[in-house]
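Asks: Keeping their order, the protein sequence lines are chains A and B.
Here my numbering is used: position 440 in the first sequence is 440, and no number is missing along the way.
Residues are numbered in my numbering as their position in the second sequence, beginning at 1, plus a constant of 1000.
Below is a structure I'd like to ask you about.
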Amino acid sequence: MSQSTKWSSQKYALRMALLAGILGLSATFGCVPSDSPRASSAPATPASSTTATPQLPIASPLATPESPSSSAQPIMTAARVLPHTWSPDSALLAYWTFTPDEVNADFTYPPGTLHFYNARTGEQCRPPMNAGYPYFGRDPVKWLPNGRVRIHASDRDVEWTVCTNQFTAITGQKGEQGSVIGPNASLSPNGRRLATNSSVDSSQARTIVTDAQSGQTERVIEWRPSDGKGNLPAPTWLSDDAFLIHSTLDQGPLLVSLSKGITRVAPALFGVVVTPSQGALLAAQAATLKGTTTYHIALYSQGSESSLSKVLLYHSENDQVEALPFARFGAFSPDGRTLIGYDDGYRVWMRAVDPVSSTARLMATQRAHPFPTAWSHDGSKLAISSSTGIQVYSAPDGSLIGRWDTGDYAIYPSSWSPNSEFLAAQGYIPSGSEEALFVVEVH
Amino acid sequence: MATYYVYSPHSGQLIASDCYCYRRVSPCASNGCNSGNYCKDSTNCVSCGGSCFCNTCCRHVIVGGGIGNCCPLDISAASGSLIYAYMSRNIYSVKLLLYTGVCNRYTGDINNGVTVELYTGFNATGTKLGSVLFAHVSNITSNIGNVINITQFGNPWSVFIGTVPSVPGGQSCYLSTHTHFSAQAQSGASLGRTGLGCGSNVGAASTAIYWWNY
């Protein structure tokens, strides 16, 4: 027996052992009290005021925050746990669990079991009808303004007051949820235009700009898609007139102005030539500084060989370009004030976007590269996966807000509540036998 | 002319080659496979209102297609499974390179891969046959950037690549635990890929998945 086969067999035994526990949980229907304590915030300790210079990205004493951690307990364990979305009032989290049998055949896209968790009360419950996990297309969980949730299953919809017996079956036209903006589309800041990226075939994609009200097509831009898997990323609007197409194979990133035309970002703003045949693809991300018309664009390479040794950052306010002290870009914060990046030493850095040459701060070091992160919706907090659990930092100053020890579980920080009060994190055992859902309260 | 083989890095099932095995796209959908109009095999396509039978191949993205890769392949494996590059003993050395950007819009382990360049001589000399990309990799080998010569024992011989990641929520790039492959041949070499069909079982170190004739 090969080592990997033996490994799989051991895991299968573990999964079968786990099945009994999961069946016990999944037999529950309706409202059940949670006996798992909610994790609370670790006391925040201000980080050292020492900062590393952006020119010398070498580990500093800041690499390991000194704050003591608190222990986080999972609110659910299963063979697989996938957090989904929060209610608008930040109290309720929808998530799915999967049985060991479902995980063993996950390539057939099994439905899983939908759950809800009330982060304020600890209550857990399941809806009156199950809905399959949304691998593709329509999201079966729609939060309603009246505090209820509409759940779409294969044969019908229901509107439900979560964790109560009050639900209403929706039939006919009332069950339609209307158009939903997918992950490949985005609205302009004023909500009047919709830009959608879609594949025509394996070698061609297009961006279609439509009037969000009438649906009338205003503009079609065709380009060759780069070769990443999953949905194409939505265009990023920088104003009501302009948006960024993150990466194209033939032209690099594109800045599209509906009034002025199309700009090839790499040569026009950065003076960089697009050379995909050399083994690297150029990509860009952009963000508008919240409340202003100022935007920034980060240009970086991906693929096997890096044609750019550093991430480049463009400032629209002064037309300046600077080289950041790391090779790989992470993300802008949602408010556009902060960015994170990685260097080849598997370290993650945080930096205020403005002004030019701001000091980058080393957040953490670990083996995964680049490791998963999650910004709060307001851009004020960043959660990262550390070797011992979850760490949450304040942005843009980079001070440590709290950290939580998750024991044997490695973490994907997944989903912030809309008010940035709660963070859902998916835990997994690196050897693969079990996953867990953590919800921590971040003050 | 000789044939040089790379074998499956772990045991599992073949779940995609040029098309995804358990995924179809409706012929009446206006958008392609990256736009959410997926459905399972032989089911009605919910996103089309149930009237459109889904029977069109949902083509598998070729990671690295822009730099000459071809011939995609997915092999399922449990999360945490070890990924090895198993190679025939006439491949004398390999060079390992980090590949980022496996996914369009998600970072983390699933976005990472390792490109293995294959050489007929020691120390990356002789003929460079081509390369194979192992995509979606956790715990990536510390040998990135290094050249590794054939080990004394083992047929096939092997180089550790990493492990199979778990599936994160909230993304559409990596929906089941597997390893994705693509490959390319250098000028003068020809590339072959296994002809096994959907659901076929493959064995670690025993099922040849790519080969190069040179």
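Here a beta-carbon is modelled for each residue, glycine too, at the ideal position from N, C-alpha and C.
Would L238 (chain A) be called buried (16 or more neighbouring beta carbons within 10 Å of its own) or exposed?
Replies: Numbered from its first residue, the first sequence carries residue 238 (chain A) at position 238. Buried, because 16 or more other Cβ atoms sit within 10 Å of the Cβ of L238 (chain A).
Asks: Quick check: is the beta carbon of N165 (chain A) nearer than 8 Å to any beta carbon in chain B?
Replies: Within the first sequence, numbered from 1, the residue matching residue 165 (chain A) stands at position 165. Closer than 8 Å: no.
Asks: Could you please tell me which residues of the stretch 1097-1128 of chain B, in chain order, have their CB closer than 8 Å to any CB of chain E?
Replies: Checking the listed chains, one finds no chain E in this structure; the protein chains it contains are A and B.
Asks: Please decide whether L1175 (chain B) counts as near chain A, where near means a Cβ-Cβ distance under 8 Å.
Replies: Residue mapping note: residue 1175 (chain B) aligns to position 175 of the second sequence, counting from 1. Closer than 8 Å to some Cβ of chain A, the Cβ of L1175 (chain B) qualifies, so yes.
Asks: Have a look at G175 (chain A) and W160 (chain A) and give me their C-alpha separation to the nearest angstrom.
Replies: Taking the first sequence and counting its residues from 1, the one referred to as residue 175 (chain A) is at position 175. Taking the first sequence and counting its residues from 1, the one referred to as residue 160 (chain A) is at position 160. The predicted position of G175 (chain A) is uncertain, since its pLDDT is 42 and thus under 50; no value can be drawn from it.
Asks: Using a C-beta to C-beta distance shorter than 8 Å, which residues of chain A count as neighbours of G1064 (chain B)?
Replies: Within the second sequence, residue 1064 (chain B) is the residue found at index 64, counting from 1. Going along chain A in sequence order, the residues near G1064 (chain B) (Cβ under 8 Å) are D227, G303 and S304.
Asks: If we cut at 8 Å on Cβ distances, does Y412 (chain A) have a partner in chain B?
Replies: Within the first sequence, the letter at position 412 stands for residue 412 (chain A). Answer yes: the Cβ-Cβ gap between Y412 (chain A) and chain B drops below 8 Å somewhere.
Asks: Nearest by alpha-carbon distance to I245 (chain A): which of A:N165, A:T365 and A:L282 is it?
Replies: To locate residue 245 (chain A), count along the first sequence from 1; it is residue 245. Looking at the Cα atoms, A:L282 is the closest of the given residues.
Asks: Which residues of the stretch 310-338 of chain A have a Cβ closer than 8 Å to any Cβ of chain B? Give them in chain order.
Replies: From the stretch 310-338 of chain A, only R328, G330 and A331 have a Cβ closer than 8 Å to chain B.
Asks: Any idea what DSSP makes of N1155 (chain B), helix, strand or coil?
Replies: Position 155 of the second sequence, counting from 1, holds the residue named residue 1155 (chain B). Residue state, collapsed to three classes: coil.
Asks: Please report the residue range of the beta strand (DSSP E) in which E1117 (chain B) lies.
Replies: To locate residue 1117 (chain B), count along the second sequence from 1; it is residue 117. Taken as a continuous stretch (DSSP letters only), the beta strand (DSSP E) holding E1117 (chain B) covers N1112 to Y1119.
Asks: Alpha carbon to alpha carbon, how far is Q426 (chain A) from T77 (chain A)? Give it in angstroms, no decimals.
Replies: For the purposes of this step, residue 77 (chain A) is taken as residue 77 along the first sequence, with counting starting at 1. For the purposes of this step, residue 426 (chain A) is taken as residue 426 along the first sequence, with counting starting at 1. Cα to Cα, T77 (chain A) sits roughly 10 Å from Q426 (chain A).
Asks: Thinking just about the alpha-carbon of each residue, which of B:S1079, B:N1146 and B:V1114 is nearest to the one in V1063 (chain B)?
Replies: On the second sequence, residue 1063 (chain B) is found 63 positions in, with the first residue counted as 1. With distances taken between Cα atoms, V1063 (chain B) lies closest to B:V1114.
Asks: Would F107 (chain A) and R80 (chain A) be called neighbours here (beta carbons separated by less than 8 Å)?
Replies: Taking the first residue of the first sequence as 1, we reach residue 107 (chain A) at position 107. Taking the first residue of the first sequence as 1, we reach residue 80 (chain A) at position 80. Cβ atoms of F107 (chain A) and R80 (chain A): not closer than 8 Å.
Asks: Mind checking if D106 (chain A) is an interface residue toward chain B, Cβ cutoff 8 Å exclusive?
Replies: Walking along the first sequence from the start, residue 106 (chain A) turns up at place 106. Yes - at least one Cβ of chain B is within 8 Å of the one on D106 (chain A).
Asks: Which residues, in chain order, does the stretch 215-246 of chain A contribute to contact with chain B at a C-beta distance below 9 Å?
Replies: Answer in chain order: R224, P225, S226, D227, G228, K229, G230, N231, L232, P233, A234 and H246.
Asks: Given a threshold of 16 other Cβ atoms within 10 Å of its Cβ, counted over all protein chains shown, does F332 (chain A) qualify as buried or as exposed?
Replies: Within the first sequence, residue 332 (chain A) is the residue found at index 332, counting from 1. Buried is the call here.
Asks: Of all the residues that make up the stretch 1160-1172 of chain B, which are near chain A by a beta-carbon distance shorter than 9 Å?
Replies: Those residues of the stretch 1160-1172 of chain B that come within reach of chain A (Cβ to Cβ, closer than 9 Å) are T1163, V1164, P1165, S1166, V1167, P1168, G1169, G1170, Q1171 and S1172.
Asks: Three-state secondary structure (DSSP) at D106 (chain A)?
Replies: Translated into positions along the first sequence, residue 106 (chain A) becomes position 106. Here D106 (chain A) sits in helix by DSSP.
Asks: G191 (chain A): which of A:D240, A:Y346 and A:G182 sits nearest, CA to CA?
Replies: Here residue 191 (chain A) refers to the residue found at position 191 of the first sequence. For the residues A:D240, A:Y346 and A:G182, the minimum Cα distance to G191 (chain A) belongs to A:D240.
Asks: Measuring CA to CA, which of B:I1091, B:V1167, B:S1187 and B:T1125 is closest to S1079 (chain B)?
Replies: Residue 1079 (chain B) sits at position 79 when you count from the first residue of the second sequence. Comparing Cα positions, the closest option is B:V1167.
Asks: Residues in its own chain within less than 8 Å of A1204 (chain B) by CB, not counting five upstream and five downstream?
Replies: Taking the second sequence and counting its residues from 1, one reaches residue 1204 (chain B) at position 204. Taken in chain order, the residues that qualify are Y1007, S1008, P1009, H1010, S1011, Y1084 and Y1086.
Asks: According to DSSP, what are the bridge partners of Q320 (chain A)?
Replies: Here the question's residue 320 (chain A) lines up with position 320 in the first sequence. DSSP, once it has assigned bridges, lists A:H315 as partnering Q320 (chain A).
Asks: Which two residues bound the contiguous beta strand (DSSP E) that contains M76 (chain A)?
Replies: For the purposes of this step, residue 76 (chain A) is taken as the residue at position 76 of the first sequence. Residues M76 to A78.
Asks: Grab me the residues of G21 (chain A)'s own chain with a C-beta within less than 8 Å of its C-beta, minus the 5 sequence neighbours each way, in chain order.
Replies: The residue given as residue 21 (chain A) occupies position 21 in the first sequence. Note on G21 (chain A): pLDDT 32, under 50, position unreliable in the model; no value is reported.
Asks: Does any C-beta atom of chain B lie closer than 8 Å to the C-beta of G252 (chain A)?
Replies: Position 252 of the first sequence, counted from the start, is the residue given in the question as residue 252 (chain A). It does not: the Cβ of G252 (chain A) has no partner Cβ on chain B nearer than 8 Å.
Asks: Along the chain, where does the beta strand (DSSP E) that runs through A1208 (chain B) open and close?
Replies: Working through the second sequence from its first residue, we reach residue 1208 (chain B) at position 208. Start and end: A1208 to N1213.
Asks: With three or more C-beta pairs closer than 8 Å as the rule, is the stretch 1192-1206 of chain B touching the stretch 1119-1134 of chain B?
Replies: The stretch 1119-1134 of chain B vs the stretch 1192-1206 of chain B: no contact.
Asks: Of all Cβ atoms in chain B, is any one closer than 8 Å to the Cβ of Q426 (chain A)?
Replies: Taking the first sequence and counting its residues from 1, the one referred to as residue 426 (chain A) is at position 426. It does; some Cβ of chain B falls within 8 Å.
Asks: If distances are taken between C-alpha atoms only, which option among A:R193, A:D201 and A:H377 comes closest to L423 (chain A)?
Replies: Here residue 423 (chain A) refers to the residue found at position 423 of the first sequence. Of the listed residues, the one whose Cα sits closest to L423 (chain A) is A:H377.
Asks: Within a Cβ cutoff of 7 Å, which residues of the same chain sit near S188 (chain A), ignoring the five residues on either side of it in sequence?
Replies: To locate residue 188 (chain A), count along the first sequence from 1; it is residue 188. For S188 (chain A), where only same-chain residues beyond five positions count, the Cβ hits under 7 Å are W237 and D240.
Asks: Taking 8 Å as the threshold, find out whether the stretch 1169-1186 of chain B comes into contact with the stretch 1141-1150 of chain B through three or more Cβ pairs.
Replies: With the cut-off at 8 Å, the stretch 1169-1186 of chain B and the stretch 1141-1150 of chain B do not touch.
Asks: For T389 (chain A) and A436 (chain A), I'd like the C-alpha separation in whole angstroms.
Replies: For the purposes of this step, residue 389 (chain A) is taken as residue 389 along the first sequence, with counting starting at 1. For the purposes of this step, residue 436 (chain A) is taken as residue 436 along the first sequence, with counting starting at 1. Residue 389 (chain A) is actually Gly in this sequence, not Thr. Roughly 12 Å between the two C-alpha positions.
Asks: Cβ atoms of S226 (chain A) and T196 (chain A): under 8 Å apart, would you say?
Replies: Sequence index remark: in the first sequence, residue 196 (chain A) carries index 196 (1-based). Sequence index remark: in the first sequence, residue 226 (chain A) carries index 226 (1-based). No, the pair does not count as a contact, with Cβ atoms beyond the cut-off.
Asks: Go to A360 (chain A), then tell me how far its beta strand (DSSP E) extends in each direction, as first and last residue.
Replies: Your numbering for residue 360 (chain A) matches position 360 in the first sequence. Looking at the DSSP string, the run of the beta strand (DSSP E) that includes A360 (chain A) is A360 to T365.
Asks: Please confirm if the stretch 249-262 of chain A is in contact with the stretch 282-298 of chain A, defined as three or more CB-CB distances below 8 Å between the two stretches.
Replies: In short, these stretches touch, since the Cβ pair count reaches three.
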